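Here's the structure, in structure tokens; my notes come after.
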Amino acid sequence: MLTNTSQSYGSVARIFHWLTALLILSAIGLGIYAEGLPRDTDAAVATLVTIYSAHKTIGVAAFFTALARILWSLAQPKPVPLHAERRAETFAAELIHWALYGAMLIMPLSGWIGHAAQTGFAPILWPFGQTLPFVPQSTDVAHLFEGIHKLSALVLYAAIGLHVLGALKHVIIDRDATMARMTRGTPAGEGRVAHGAGAPLAALAIWAAVIGSALPLPAGPERPEARAPAAQNQPSGNWQVSEGTLGFTVQQMGAAVDGSLPAWTAQIDYDEASGTGTVTVQIDTTQLTLGSVTDQAKGAEFFDTATFPIATFTADLTRTEGRAHEATGTLTLRGASVPLTLPFALSIAGDQATMTGEAVLDRRAFGMGESYPDESSVGFRVTVQVTLSATRQPASAALDA
Ligand code: HEM
Ligand code: HEM
1 MLTNTSQSYG
11 SVARIFHWLT
21 ALLILSAIGL
31 GIYAEGLPRD
41 TDAAVATLVT
51 IYSAHKTIGV
61 AAFFTALARI
71 LWSLAQPKPV
81 PLHAERRAET
91 FAAELIHWAL
101 YGAMLIMPLS
111 GWIGHAAQTG
121 FAPILWPFGQ
131 TLPFVPQSTD
141 VAHLFEGIHK
151 LSALVLYAAI
161 GLHVLGALKH
171 VIIDRDATMA
181 RMTRGTPAGE
191 GRVAHGAGAP
201 LAALAIWAAV
211 IGSALPLPAG
221 PERPEARAPA
231 AQNQPSGNWQ
241 VSEGTLGFTV
251 QQMGAAVDGS
261 LPAWTAQIDY
271 DEASGTGTVT
281 VQIDTTQLTL
291 GSVTDQAKGA
301 EFFDTATFPI
311 ATFTADLTRT
321 EGRAHEATGT
331 LTLRGASVPL
341 TLPFALSIAG
351 DQATMTGEAV
361 LDRRAFGMGE
371 SYPDESSVGF
381 RVTVQVTLSA
391 TRQPASAALD
401 A
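For the sequence shown, full-length UniProt numbering begins at 1 and goes up steadily by one.
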């Protein structure tokens with residue numbers, strides 16, 4: 001029979017139960033396995049990415065299966081407990097069933113939202129793209145949901161452990177038909193029992209407490225990375241930078257990942273009449289972010305921020321045509337000094353200037369990622385994007401500087 005009765009689980013409910021169990025146990029196995037894997041070489045990262053992709057793909061499948069399962073069970077009678085007179089045991093069993101229903105939604109959703117909030121690292125193999133509607137791309141959001149995902153996993157372990165122990169108790173100690181009801185659909189039990197609201201409410205309270213404890217405390221201190229560029233407080237030639245961004249884009253596993261270098265200072269001298277000048281930029285590489293691979297990017301293989309916390313770019317500025325300019329000079333990054341020409345557009349209105357520029361670097365020129373000799377996991381090309389606004393300084397201030 002397809003549908004449930006008060007005494008039995010129909011085949012649809014049973015297929016849903018074992019399919020969700022299979023998907024969730026596979027996701028747990030892959031999640032725990034991946035967590036313990038090394039991340040030090042190209043081959044190790046490639047393996048890790050494949051396993052996380054499988055984890056995410058199975059997890060999303062588990063989500064849709066759970067949704068279908070829940071919709072189905074809402075329309076079905078719930079079979080009676082076999083020993084309704086054992087009040088505490090029946091309550092515990094139902095509490096765990098509701099906790100498991102919660103986990104079926106919370107685990108994949110928290111994982112998926114965390115994944116969508118972050119660029120880079122192990123795409124899902126479903127054709128939905130990387131992002132989700134209403135989920136901002138933000139490291140804070142990603143960390144929050146990763147935290148919920150990890151904490152919820154602990155609740156899930158406990159719930160599955162107790163659930164399986166309970167099922168085994170029915171087989172070994174009670175020797176009743178609880179297991180046969182869920183495997184073969186054997187009818188068992190008598191009468192009808194109204195299921196109270198206590199167990200679902202208790203499960204809801206557990207989940208609310210778990211998710212609540214993963215939420216950040218309100219009004220925490222401002223994180224240093226969140227501050228505006230350090231450029232503002234520095235001596236800065238005859239143009240003072242008021243705001244700006246320094247971003248870069250790399251190809252990881254064939255997908256573009258955006259990074260940011262939020263802390264830098266620029267000293268700019270520019271003569272509007274001749275269209276020439278000089279610039280010196282100092283970049284604090286320790287503040288860099290690159291999606292979910294920030295730590296790897298800061299590590300010895302790439303920016304090596306522990307050894308080389310400062311990168312510098314010194315260049316001569318020349319106007320080529322109209323608003324088009326070039327900054328031609330040297331970028332010193334990770335101990336390597338490499339010639340670099342950055343084409344940029346400059347607009348000046350009164351005492352306000354805005355510039356945007358973009359250049360392409362090759363990571364190999366800086367000795368970055370030597371154990372990634374091809375482009376399969378990290379591309380060679382790094383696109384650098386700069387935007388800034390600057391204010392003209394009064395002549396005396398420029399002299400002081
Ligand atoms: C692999 C080991 C598992 C075994 C042996 C097992 C066994 C059972 C049995 C015998 C029942 C019927 C209980 C009853 O009639 O009162 C049941 C129900 C249930 N199981 Fe499992 N289960 C397993 C894994 C899971 C997993 C991984 C989940 C979900 C995360 C899950 C979720 C549920 C839920 C929600 C019910 C209640 C169904 C309902 O009445 O709506 N089970 N399980
Ligand atoms: C039924 C669904 C899922 C289950 C049971 C599950 C379970 C797990 C477990 C047990 C871990 C290891 C946690 C730890 O080491 O503390 C993990 C990690 C992870 N899962 Fe899932 N997961 C599910 C779905 C998803 C989905 C749908 C995604 C993304 C689309 C996802 C993304 C991740 C990520 C990125 C990690 C690594 C977190 C980190 O190390 O910060 N998971 N998951």
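For every residue, glycine included, the Cβ atom is placed at its ideal position computed from N, Cα and C.
Just so you know, these numbers come straight off a predicted model, no measurement behind them.
*C-beta atoms of residue 434 and Ala353 nearer than 8 Å*: Missing from the structure shown is residue 434; the chain here goes from 1 to 401 and no further.
Taking Ala177 as the reference, which of Asp374, Pro79, Val241 has the closest Cα?
-> Mapped onto the sequence shown, residue 177 falls at position 177. Ranking Asp374, Pro79, Val241 by Cα distance to Ala177 puts Pro79 first.
Looking only at its own chain, which residues have a Cβ that is under 6 Å from the Cβ of Trp98, when we skip the five neighbours before and after it? Position 98 of the sequence shown holds residue 98. Counting only Cβ-Cβ distances below 6 Å, and skipping sequence neighbours, we find Ala199, Pro200, Ala203.
When the Cβ atoms of the segment 363-373 are set against those of the segment 13-33, are three or more pairs found closer than 8 Å?
-> no
Does the beta-carbon of Ile206, which I'm using as the reference point, lie nearer than 7 Å to any heavy atom of ligand 2? Position 206 of the sequence shown, counted from the first residue, corresponds to residue 206. No.
What separation, rounded to the nearest whole angstrom, lies between the Cα atoms of Leu165 and Asp284? Against the sequence shown, residue 165 aligns to sequence position 165. Against the sequence shown, residue 284 aligns to sequence position 284. Computed Cα separation, rounded: 54 Å.
* To do: State buried or exposed for Ser292, treating a residue as buried only when at least 16 other CB atoms are found within 10 Å of its CB.
  => Position 292 of the sequence shown, counted from the start, is the residue given in the question as residue 292. Buried is the call here.
Next item on the list: Reducing DSSP to helix, strand and coil, say where Val49 ends up.
Entry: One-based indexing of the sequence shown puts residue 49 at position 49. Residue state, collapsed to three classes: helix.
key: For Asp271, the residue or residues it bridges with in DSSP   = Position 271 of the sequence shown, counting from 1, holds the residue named residue 271. DSSP, once it has assigned bridges, lists Thr276 as partnering Asp271.
Quick check on DSSP: helix, strand or coil for Ile106? As a first step, residue 106 is located in the sequence shown; it is residue number 106 there, counting from the start. Note: Ile106 maps to helix in three-state DSSP.
- Below 8 Å on the Cβ atoms is my guess for Ala117 versus Ala142; work out the distance and round it to an integer in Å. Working through the sequence shown from its first residue, we reach residue 117 at position 117. Working through the sequence shown from its first residue, we reach residue 142 at position 142. So it is a contact: roughly 4 Å between Cβ atoms.
Taking Ser274 as the reference, give the member of Gly244, Leu317, Glu301 with the closest Cα.
-> Stepping through the sequence shown from its first residue, residue 274 is reached at position 274. Ranking Gly244, Leu317, Glu301 by Cα distance to Ser274 puts Leu317 first.
Ordered along the chain, which non-local residues of its own chain (more than five positions away) have a Cβ less than 8 Å from that of Thr90? Taking the first residue of the sequence shown as 1, we reach residue 90 at position 90. Once the five neighbours on either side are set aside, the close Cβ partners of Thr90 are Pro81, His83, Ala84.
Notebook entry, point to check: Leu60 by DSSP, collapsed to three states: which one?
Noted result: As a first step, residue 60 must be located in the sequence shown, where it is residue number 60. The identity of residue 60 in the sequence shown is Val, whereas the question assumes Leu. Three-state result, Val60: helix.
(Q) Our contact map puts Thr65 next to Phe16 with C-beta atoms below 8 Å; I'd like the distance itself, whole angstroms only. (A) Within the sequence shown, numbered from 1, the residue matching residue 65 stands at position 65. Within the sequence shown, numbered from 1, the residue matching residue 16 stands at position 16. Contact flag correct, Cβ pair sits at about 7 Å.
query: Can you tell me whether DSSP reads Asp304 as helix, strand or coil?
result: Here the question's residue 304 lines up with position 304 in the sequence shown. Coil, per DSSP.
Which same chain residues, not among the five before or five after Thr312, have their C-beta less than 6 Å away from its C-beta? In the sequence shown, residue 312 corresponds to position 312, counting from 1. Contacts found: Gln282, Thr332.
task = Give a yes or no on whether the C-beta atoms belonging to Asp351 and Arg381 are separated by under 8 Å.
result = Position 351 of the sequence shown, counted from the first residue, corresponds to residue 351. Position 381 of the sequence shown, counted from the first residue, corresponds to residue 381. Not in contact: Asp351 and Arg381 (Cβ atoms no closer than 8 Å).
query = Hey, would you say the C-beta of Met182 is under 7 Å away from at least one heavy atom of ligand 1?
reply = Locating residue 182 in the sequence shown gives position 182, where the first residue counts as 1. Indeed, a heavy atom of ligand 1 lies less than 7 Å from the Cβ.
Item to check | Start-end ranges of the beta strand (DSSP E) lying completely within the segment 339-398, minimum 3 residues | outcome: 352-362, 378-392
What does the alpha-carbon distance come out to for the pair Thr20 and Ala62?
As a position in the sequence shown, residue 20 is number 20, starting the count at 1. As a position in the sequence shown, residue 62 is number 62, starting the count at 1. Cα-Cα distance, rounded: 6 Å.
Using the rule of at least 16 other Cβ atoms within 10 Å of the residue's Cβ for burial, across every protein chain shown, is Trp126 buried or exposed? Counting from 1 along the sequence shown, the entry for residue 126 is found at position 126. Exposed, by the Cβ-count rule.
Notebook entry, point to check: Got a sec? Which residues, its chain only, sit under 8 Å from Ser11 by beta carbon, not counting five neighbours each side?
Noted result: Counting from 1 along the sequence shown, the entry for residue 11 is found at position 11. For Ser11, where only same-chain residues beyond five positions count, the Cβ hits under 8 Å are Met1, Leu2, Gly185.
Check your understanding: Between Gln393 and the rest of its own chain, which residues show a CB-CB distance below 7 Å, the 5 nearest in sequence each way excluded?
Key -> Within the sequence shown, the letter at position 393 stands for residue 393. Result list for Gln393: Asn238, Trp239, Gln240, in chain order.
### Query
Who does Phe16 pair with in a DSSP beta bridge?
Residue numbering aside, residue 16 sits at position 16 when the sequence shown is read from its first letter. Answer is none; Phe16 lacks a bridge partner.
Next item on the list: Measure the C-alpha to C-alpha separation of Thr162 and Ala92 and round it to an integer number of angstroms.
Entry: Translated into positions along the sequence shown, residue 162 becomes position 162. Translated into positions along the sequence shown, residue 92 becomes position 92. Checking the sequence shown, residue 162 turns out to be Leu, not Thr. Spanning the two alpha carbons is a distance of roughly 9 Å.
Quick one: residues in its chain with C-beta nearer than 7 Å to the C-beta of Ala122, no 5 flanking neighbours on either side, listed in chain order?
As a working note, residue 122 is residue 122 in the sequence shown. Only Val49, Tyr52, Ser53, Lys56 meet the Cβ criterion.
_Is the beta carbon of Ile113 closer than 8 Å to that of Ile211?_
Residue numbering aside, residue 211 sits at position 211 when the sequence shown is read from its first letter. Residue numbering aside, residue 113 sits at position 113 when the sequence shown is read from its first letter. No, they are not a contact pair.
Review point. Alpha carbon to alpha carbon, how far is Ile250 from Gly379?
Key: On the sequence shown, position 250 is the one that residue 250 refers to. On the sequence shown, position 379 is the one that residue 379 refers to. Before going on, a small fix: residue 250 reads as Val here, not Ile. Roughly 6 Å between the two C-alpha positions.
Measuring straight from C-alpha to C-alpha, what distance separates Ala231 and Thr280? For this step, residue 231 is matched to residue 231 along the sequence shown. For this step, residue 280 is matched to residue 280 along the sequence shown. With a pLDDT of only 42 at Ala231, under the threshold of 50, the placement of this residue in the model should not be trusted; the figure read from the coordinates follows. Roughly 11 Å between the two C-alpha positions.
Cβ neighbours of Ala159 in the same chain (closer than 8 Å, five flanking residues each side left out)
The residue given as residue 159 occupies position 159 in the sequence shown. Closer than 8 Å at the Cβ level, and outside the excluded window around Ala159, lie Ile96, Ala99, Leu100, Ala103.
Is the beta carbon of Ala93 within less than 7 Å of some heavy atom of ligand 1?
One-based indexing of the sequence shown puts residue 93 at position 93. Flag set: Cβ of Ala93 near ligand 1.
- Message: Quick check: the Cα distance between Ser213 and Lys150, rounded to an integer number of angstroms?
- Response: Counting from one through the sequence shown, the residue named residue 213 turns up at place 213. Counting from one through the sequence shown, the residue named residue 150 turns up at place 150. Rounded to whole angstroms, Ser213 to Lys150 spans 12 Å at the Cα level.
Does ligand 2 have a heavy atom nearer than 7 Å to the CB of Val60?
-> For this step, residue 60 is matched to residue 60 along the sequence shown. Checking every heavy atom of ligand 2 against the Cβ of Val60, one is found closer than 7 Å.
If you draw a straight line from the C-alpha of Ser8 to the C-alpha of Val171, how long is it?
Along the sequence shown, one-based indexing puts residue 8 at 8. Along the sequence shown, one-based indexing puts residue 171 at 171. Cα to Cα, Ser8 sits roughly 17 Å from Val171.
Same chain, Cβ closer than 6 Å to Gly220, neighbours up to 5 away in sequence not counted
Along the sequence shown, read from residue 1 onward, the residue named residue 220 stands at position 220. Summary for Gly220: the model assigns pLDDT 48, below 50, so the residue's position carries little reliability; its value from the coordinates is reported in the next sentence. If we look at Gly220 and ignore the five residues flanking it on each side, it has no Cβ neighbours.
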